[in-house]
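Student:
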Amino acid sequence: MLQIEPWDFVQKYLDFFKEREHAILPNVNLVPKEDPTTLFINSGVQPIEKYLAGESHPLGSRLASVQRCIRTNDLEGPAHDSVGDSIHHVLFHMLGNWSLGDYFKKETLTWSYEFLVNELGIDANRLWVTIFSGNEDAEFDQEAKETWLKLGIPEERIIPLGKEDNWWGPAGKTGPCGPDSEIFFDRLPERGINGETPGEEYKHTERFNEVWNNVFSQYFKDGQGVLTELEQKNVDTGMGLERTIATLQGYSDNYQTKLFMPIIEKIESMSGQSYPRQTPGEFTPLPLTDEVRAFRIMADHIRSSVFMAMDGVIPSNKEQGYVMRRVIRRLIRYGRRLGIDSDSVEPLADVVIEHYHQQYPEMKAHYDDIMSVLKKEEKSFTKNLNRGIRELEKVSDEVANKQSVTINDEALSLGAFAFYMFETFGFPPEVTYEEWQKSSVAVDREKFDEDLLLAKRSHQDQSRTASAGKYAGGLADHSEETTKLHTATHLLHKALRTVLGDHVQQMGSNITQERLRFDFSHTEKLTDEEIQKVEQMVNEQIKNDLPVTQKTMPKDEALNKGALAFFQEKYPDTVSVYIVGDDPDNGTPYSMELCGGPHVTHTGDMGTFKIIKQENIGKGTRRIKATLS
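Residue 172 in numbering that gives the first Met the number 0 sits at position 173 of the sequence shown; the count goes up by one each step and never skips.
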């Protein structure tokens, strides 16, 4: 086996293609600058995708790179979650070389073979390849087959496969597309030609591991599904660093390599548990125990989190920040399974930075910022966990005796209660289940999952109904922090109308656990004095500890009583109204708005209101962001 260091391997790859007149592209930020369709760079080709359509690249027609990438499709839940196996990761590095109308199949397949066999010393007898078998739209890839035969790959190791395996694109309904040819390493060549091939049931098994894919973008698919030959034929290749290094070093488990093992060793020292080791060259898969899975997820997620923080992502409830929040909180949850109950993020992040900073100097340069972001999220989630556990303890007897929990006079199934805990306290349903397991409470897992799914769907249906009338107020969740900021939004709205005038109308809002964002009609930038007045007015009403009440009434009655509603045509005939201060039947409320809630019961425990930013978002609309502390 080849004991090459990961970054020496990367440099060898880049040097190989540099010698073949390829310009080396920079390894760019994970957050795409020009592609709003994805949250993260998810492939090596994404930063140069627009040049595949024919636009000239400033560095030429031959390009190569190593690019950090993130893919989140493996985080959609236990049924689809492959992160935790031996080869899938949230963050990974993709090596690639591209031809933009320059060379084509013969050259790129030849170079792939030469790099693997001549440069790395891989035994050619351990290489299998797949090619496109053809269909009614595109012909069998004879050129790829002939090239592989000339390079010495015997026909029995050249496997034709259909569109599901050996066809790329288009990314949308129309666009460039074409066949591809994948290269696989045979971990168990002693089995010989026995019917096992790197396709279908044997793909990505203990025997075969994909190391390289060459995509030939030679067709354009139009709106009718018709393929035509492209004038500019491109080559797009990809080779995953983590998977390839493991294969070269004789492992079927990527976590045995230096890209992960220092993190694994730190987890071992923190947990007092051991991660099993593979003997190089044996390729025997490790049993996927709960402990092995927890080790892998912790190692993968701390590495992913550090890279996201390095690239400026901050945990939140939207877009990239939401992914980062899920990854960090998942890391903490799996740490608990290994007995690591607190302060796991900083020591693990230290290991990542120590072992990656030479390739990424910005990690050291932004060390304090990275640590601050990660520790703040850990502190917030740990607080949620501790509070959630206390809530679970309050209902433990009821759960054990009745297999249900009564909330607001309604008996909730255990799955529905788990969703309530998530919505109210940000407490993950999986942790609810785990805590009951620790307490030896017998819970039917299948029914728990079914009831949890039903509760989620019911909530989604209600949210869709509410948002159709601009009713939900842009809330990310119903946690305590978000609820306080929701009430603060009503106080802010009233204060803006008082300070600036009644022309101020709500144009939109978005509220997370960290901040509120409020869009309103106003053409001028607020002066420092106006901002100070608004803040003072909101904080005064918080100090006054005003009651917040909810009433249901006919829409016309609510409007006649002075309730604010700026999407009137979309509200139902009967509406929910939130009142801050006196009841309108007995006095003059401070604020009264049509709203679906939730809100605090009194303003007194909300904290101190602070405007942190204002901006012009066009068309006579301004935006304010504010916090409570």
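By construction, the Cβ of each residue, glycine as well, lies at the ideal position given by its N, Cα and C atoms.
Model, not experiment: these values are computed from the prediction.
How would you call SER180, buried or exposed, if buried means at least 16 neighbouring beta carbons within 10 angstroms?
Tutor: Buried, by the Cβ-count rule.
Student: Could you tell me the distance, in whole angstroms, from the CA atom of ASP235 to the CA atom of PRO169?
Tutor: Rounded to the nearest angstrom, the two C-alpha atoms are 13 Å apart.
Student: Is it the case that the Cβ atoms of ALA564 and VAL576 are separated by a distance below 7 Å?
Tutor: No.
Student: With SER216 as the anchor, note down where its beta strand (DSSP E) starts and where it stops.
Tutor: Unbroken beta strand (DSSP E) run through SER216: 207–220.
Student: For the stretch 477–503, which segments carrying the alpha helix (DSSP H) assignment without a break, of at least 4 residues, lie completely within its bounds, in sequence order?
Tutor: Correct list: 479–499.
Student: Going by Cα to Cα distance, which pick from PRO427, SER412, LYS437, PHE426 is closest to ALA454?
Tutor: For ALA454, the nearest C-alpha among the options comes from SER412.
Student: Starting from the Cα of ILE69, find the closest Cα among TYR432, PHE416, VAL305, LEU285 and give me that residue.
Tutor: Looking at the Cα atoms, VAL305 is the closest of the given residues.
Student: From THR629 to PHE215, what does the alpha carbon distance come to, in whole angstroms?
Tutor: Because the chain spans 0 through 628 in this model, residue 629 falls outside it and cannot be assessed.
Student: Quick check on LYS612: buried or exposed, where buried means 16 or more other Cβ atoms within 10 Å of its Cβ?
Tutor: The residue in question, LYS612, is exposed, as its Cβ has fewer than 16 Cβ neighbours within 10 Å.
Student: At the level of alpha carbons, what is the spacing between ASP310 and SER371?
Tutor: Computed Cα separation, rounded: 14 Å.
Student: Looking at C-alpha atoms only, which residue of LYS532, PRO588, PRO284, GLU290 is the closest neighbour of SER85?
Tutor: The shortest C-alpha separation from SER85 is found at PRO284.
Student: Rounding to the nearest angstrom, what Cα-Cα distance links GLY468 and GLU209 in this structure?
Tutor: Caution applies to GLY468, whose pLDDT of 37 falls short of 50 and renders its modelled position unreliable; the value that the coordinates give is listed next. The straight-line gap from Cα to Cα measures roughly 50 Å.
Student: Starting from the C-beta of GLU20, find all residues in its chain whose C-beta is less than 7 Å away, skip the five residues before and the five after it, and write them out in chain order.
Tutor: Result list for GLU20: ARG61, in chain order.
Student: So for ARG463, helix, strand or coil by DSSP?
Tutor: Since pLDDT at ARG463 reaches only 47, below the 50 mark, its modelled position is unreliable, and no value is offered.
Student: Using only CA atoms, which one of HIS87, LEU1, SER55, ILE158 lies nearest to ASP118?
Tutor: First, the amino acid is wrong: residue 118 is Glu here, not Asp. Checked all of HIS87, LEU1, SER55, ILE158; the closest Cα to GLU118 is LEU1.
Student: Give the straight-line distance between the Cα atoms of PRO178 and GLY161, rounded to the nearest whole angstrom.
Tutor: Looking at the two C-alpha atoms, the distance is approximately 9 Å.
Student: Look up TRP127 in the DSSP assignment and give the residues it is bridged to.
Tutor: According to DSSP, which records beta bridges pairwise, TRP127 is partnered with PHE183.
Student: Between LEU108 and ILE23, what straight-line distance do the alpha-carbon atoms span, to the nearest angstrom?
Tutor: One C-alpha to the other measures close to 19 Å.
Student: With DSSP run on the structure shown, which of helix, strand or coil describes SER343?
Tutor: Reduced to three states, the DSSP call for SER343 is coil.
Student: Would you call ALA78 buried or exposed, if buried means 16 or more other Cβ atoms sit within 10 Å of its Cβ?
Tutor: For ALA78, the pLDDT reaches just 35, beneath the cut-off of 50, and the residue's location in the model is therefore unreliable, although a value from the coordinates is still provided. Classification for ALA78: exposed.
Student: Which first and last residues belong to the beta strand (DSSP E) in which TYR589 is found?
Tutor: TYR589 -> beta strand (DSSP E) spans 588–593.
Student: Between which residues of its own chain and SER395 is the CB-CB distance below 7 Å, once the five residues before and five after are set aside?
Tutor: So the list reads SER438, once near-sequence residues are dropped.
Student: Hey, how far is the Cα of GLU409 from the Cα of VAL579?
Tutor: Their Cα atoms are separated by approximately 27 Å.
Student: If you measure between the beta carbons of ALA625 and LEU515, is that distance less than 7 Å?
Tutor: In contact: ALA625 and LEU515 (Cβ atoms closer than 7 Å).
Student: Can the beta-carbon of LYS374 be found less than 7 Å from the beta-carbon of GLU345?
Tutor: Yes, these two residues count as a Cβ contact at 7 Å.
Student: Is it true that the stretch 440–456 meets the stretch 476–484, where meeting means three or more beta-carbon pairs spaced less than 8 Å apart?
Tutor: The stretch 440–456 vs the stretch 476–484: no contact.
Student: How should GLY425 be labelled, buried or exposed, when 16 other C-beta atoms within 10 angstroms of its C-beta is the threshold for buried?
Tutor: The residue in question, GLY425, is buried, as its Cβ has 16 or more Cβ neighbours within 10 Å.
Student: Taking the alpha carbon of ARG292 as the point to measure from, which residue in GLY280, PRO275, SER303 has its own alpha carbon closest?
Tutor: Taking only the C-alpha atoms, the option nearest ARG292 is PRO275.
Student: Once you ignore the five residues that flank GLU75 on each side, which residues in its own chain have a CB closer than 7 Å to its CB?
Tutor: With a pLDDT of only 45 at GLU75, under the threshold of 50, the placement of this residue in the model should not be trusted; the figure read from the coordinates follows. Here the set comprises nothing.
Student: Looking at the secondary structure, which residues open and close the alpha helix (DSSP H) in which THR381 lies?
Tutor: Looking at the DSSP string, the run of the alpha helix (DSSP H) that includes THR381 is 366–393.
Student: I need the DSSP call for GLY133, collapsed to helix, strand or coil.
Tutor: GLY133 falls in the coil class under three-state DSSP.
Student: Does chain D have any CB closer than 7 Å to the CB of ILE244?
Tutor: Here there is only one protein chain, and chain D is not present.
Student: Can you grab the Cα-Cα spacing for the pair PRO427 / ILE388, in whole Å?
Tutor: Going by the C-alpha atoms only, they are around 11 Å apart.
Student: Measure from the alpha carbon of GLU538 to the alpha carbon of each residue in LYS524, ARG622, SER628, then state which is nearest.
Tutor: Checking the sequence shown, residue 538 turns out to be Asn, not Glu. The residue with the shortest Cα to Cα distance from ASN538 is SER628.
Student: Quick check: the Cα distance between ALA364 and LEU150, rounded to an integer number of angstroms?
Tutor: In a straight line, the C-alpha of ALA364 is about 47 Å away from that of LEU150.
Student: Below 7 Å between beta carbons: does that hold for LYS493 and SER379?
Tutor: No. Outside cutoff.
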